[in-house]
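K.L.:
Going by my numbering, the first residue of the sequence shown is number 572, and it counts up by one from there.
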Amino acid sequence: MMRASLQFIRRVGTKPEDQTKIIGPTLQQWVYNKAGFNQYGLMRDDMIHETPVVKEALRRLPEDVLDARNFRIVRAGYLCLRKDVLPKEQWTKLEEDVMYLQPYIKEVEAEIAEKKEWEKE
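(1) Let me know if TYR649 comes out buried or exposed under the rule of 16 or more other beta-carbons within 10 Å of its beta-carbon.
(2) Along the chain, where does the alpha helix (DSSP H) that runs through GLN599 open and close?
(3) What did DSSP end up calling GLY648 once you bin it into helix, strand or coil?
(4) Can you give me the Cβ contacts of ARG643 inside the same chain, cut-off strictly under 6 Å, excluding the 5 residues immediately before and after it?
(5) So, using beta-carbon positions, are TYR698 and VAL636 closer together than 7 Å?
(6) Which of the three DSSP states, helix, strand or coil, is assigned to VAL656?
(7) Give the single residue among GLU660, VAL645 and GLU678 whose Cα lies nearest to the Cα of ARG653.
(8) In whole angstroms, give me the CA-to-CA distance for ALA684 and LYS677.
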């Protein structure tokens with residue numbers, strides 16, 4: 572088994588860009604679909620655990636983006652209670668999944684780091 576794995580790695584290539592060309596998008600799509608949250612219409616940022624940093628980032632979101640997030644979460648809860656999923660055409664696609672919360676999280680983390688730096692002095 573180990574020998575077969577090594578042969579596969581040699582065949583695919585050791586450079587990351589070679590691996591992405593051959594197995595990257597397909598593997599990434601498979602993992603995304605196996606996670607299951609897209610079957611409920613959720614996005615990756617909808618699944619983030621709400622820490623104080625994330626709560627502050629959510630507070631800074633524009634109202635329409637926050638409303639859309641809340642709708643997706645409530646709809647997912649309703650579907651889960653019914654033990655149902657959305658029709659496949661309504662699943663969130665990897666290409667459409669926008670990391671809408673990440674810029675706000677990075678901004679909050681930078682502010683916290685800056686605040687700690689000021690408190691050191």
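Cβ coordinates follow ideal geometry from the N, Cα and C atoms, glycine included. Just so it is clear, the structure is predicted and the values come from calculations on it, not from any experiment.
P.N.:
Judging by the given coordinates:
(1) exposed
(2) Here the alpha helix (DSSP H) through GLN599 covers 595-606.
(3) helix
(4) GLY612, LEU613 and ASP617
(5) The question about residue 698 has no answer, for the chain in this structure spans 572 to 692.
(6) coil
(7) VAL645
(8) 10 Å
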